[in-house]
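Residue 227 in full-length UniProt numbering sits at position 227 of the sequence shown; the count goes up by one each step and never skips. Don't be surprised by glycine CBs; every beta carbon is placed ideally from N, CA and C. Since the model is a prediction, treat every value here as computed from it, not as a measurement.
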Amino acid sequence: MEKAESTIPNPRRKILQMAISSVLAESGFDSADKDALETLSEMCQSLISELGQSSRNYCELSGRTIPVIGDVVIALINMGISIQGLEAFAKRDGRHTIPTPQQVSTQKQLNLLQAGTKNPHPSHIPGHLPALPDPHAYIRTPTHKQPVTEYEAIREKAATQKKDIEKALTKFLAKTSETQSLFNVEDNVFPLIACKPSHPSYLAALNPTDQVFDFEELEYHYQVANRTEDVPAPTKEEDDDEEENGEGKESKEIKSEDADVEPTPNQANNPNIDNPYLRAAIVPKRIKISDPARDFDQ
Numbered sequence: 001m002e003k004a005e006s007t008i009p010n011p012r013r014k015i016l017q018m019a020i021s022s023v024l025a026e027s028g029f030d031s032a033d034k035d036a037l038e039t040l041s042e043m044c045q046s047l048i049s050e051l052g053q054s055s056r057n058y059c060e061l062s063g064r065t066i067p068v069i070g071d072v073v074i075a076l077i078n079m080g081i082s083i084q085g086l087e088a089f090a091k092r093d094g095r096h097t098i099p100t101p102q103q104v105s106t107q108k109q110l111n112l113l114q115a116g117t118k119n120p121h122p123s124h125i126p127g128h129l130p131a132l133p134d135p136h137a138y139i140r141t142p143t144h145k146q147p148v149t150e151y152e153a154i155r156e157k158a159a160t161q162k163k164d165i166e167k168a169l170t171k172f173l174a175k176t177s178e179t180q181s182l183f184n185v186e187d188n189v190f191p192l193i194a195c196k197p198s199h200p201s202y203l204a205a206l207n208p209t210d211q212v213f214d215f216e217e218l219e220y221h222y223q224v225a226n227r228t229e230d231v232p233a234p235t236k237e238e239d240d241d242e243e244e245n246g247e248g249k250e251s252k253e254i255k256s257e258d259a260d261v262e263p264t265p266n267q268a269n270n271p272n273i274d275n276p277y278l279r280a281a282i283v284p285k286r287i288k289i290s291d292p293a294r295d296f297d298q
């Protein structure tokens, strides 16, 4: 706003310069320098401002709000300006008449933040009150843009993003890997990504690429499946029972499945197997049960 005001000339200053120019023309001057005209205009403006300020002070001192001719006369006398001959100078012959200044049309201020059409005042609001603000200020303020659903715009955006990604990746590879130049110069003005052929060239077509195998994970599962250190070793009592009852004889009673099983030393000290579903199975201990018929025969 300040910039706009600085470009528009002051109309009062312009009228003052016209009055000074007419007085100079009556005094016999054919032309005047711009700097000299500005100096005379500044001096005349300072005189008129001081005269008006003094007249206002005398007006307020007399208890009035509007100055009269007497206040102006007293202000001129106190400033040392004689008022004799002022009326004859105003009624002199051959004086130049300054045309009435034209009214400057006020420039309409553009509302850059206007969103929507302003609503008029309802019937219960007087017309002298200010106009209502933009609708988004008191009704609804959208915080995000509506997504684009047009097919052409989406395809164009996707193609642009793909092109930018490929371009960025090409520049990255050209700066981090080996490059070749189009011209026989030392500077890399037009670098190209070096081509590294594979030997034999048909090997990539023969290798299956539909499934990616993680060799480290396969090796880990193979080690877990073939682990034998977690299996508890048979005790001496179990060996005796197998010799007495036979290798293929099954025990009649076993411990309950809900009983707590204490981990073996090898299992407790092994930090590799954290998943209980991957641990080796623990065979419960067999209990020796006496047969009454066999004891009676003995």
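Nearest to residue 90 by alpha-carbon distance, out of 19, 185 and 37, is 19. With a contact defined as Cβ atoms closer than 8 Å, residue 32 and residue 58 miss out at about 35 Å. Every alpha helix (DSSP H) of 4 residues or more that sits fully in the region 25-73 is shown, in chain order, as 34-61. Cβ contact annotation for residue 17 (same chain, cutoff 7 Å, sequence separation greater than five): 37 and 41, in chain order.
Residue 102 holds the alpha-carbon nearest to the alpha-carbon of residue 11 among 102, 73, 169 and 163.
Taking residue 97 as reference, the option from 175, 190, 146 and 25 with the minimal CA-CA separation is 25.
Given a length threshold of 4 residues, each whole run of the alpha helix (DSSP H) inside the region 78-157 is given here in chain order: 86-90 and 135-138. By DSSP's assignment, residue 191 forms a beta bridge with 181. Nearest C-alpha to residue 67 among 172, 131, 51 and 55: 55.
Taking the Cα positions, residue 184 is about 11 Å away from residue 191.
The beta-carbon separation of residue 165 and residue 177, rounded to 18 Å, does not stay under the 8 Å limit for a contact. Under the criterion of beta carbons closer than 8 Å, residue 61 and residue 79 do not qualify as touching, at roughly 16 Å. If you check the CB distance, residue 93 and residue 118 do not come in under 8 Å. Annotated three-state conformation of residue 15 is helix, per DSSP. At the C-beta level, residue 204 and residue 198 come within 8 Å of one another. In the DSSP annotation of this structure, the continuous segment of the alpha helix (DSSP H) that includes residue 205 starts and ends at 203-206. C-alpha of residue 223 to C-alpha of residue 283: approximately 20 Å in a straight line.
Residues of the same chain with a CB within less than 8 Å of the CB of residue 127, apart from the 5 flanking positions on each side, are 121 in chain order. Under the three-state reduction of DSSP, residue 162 is assigned to helix. For residue 168, the secondary structure class from DSSP, reduced to helix, strand or coil, is helix. The DSSP-derived three-state label of residue 175 is helix. The C-beta separation of residue 73 from residue 81 comes to about 10 Å, leaving the pair out of contact by the 8 Å criterion. In the three-state reduction of the DSSP assignment, residue 283 falls in the coil class.
Excluding residues up to 5 positions away in sequence, nothing lies with its Cβ nearer than 7 Å to the Cβ of residue 125 in the same chain. The residue among 207, 22 and 287 with its C-alpha nearest the C-alpha of residue 99 is 22.
With a threshold of 16 other beta carbon atoms within 10 Å, residue 71 meets it and is buried. Rounded to whole angstroms, the gap between the alpha carbons of residue 149 and residue 201 is 45 Å.
Apart from the 5 residues on each side of it in sequence, residue 182 sits with its Cβ closer than 7 Å to the Cβ of 190 and 192 in its chain, given in chain order.
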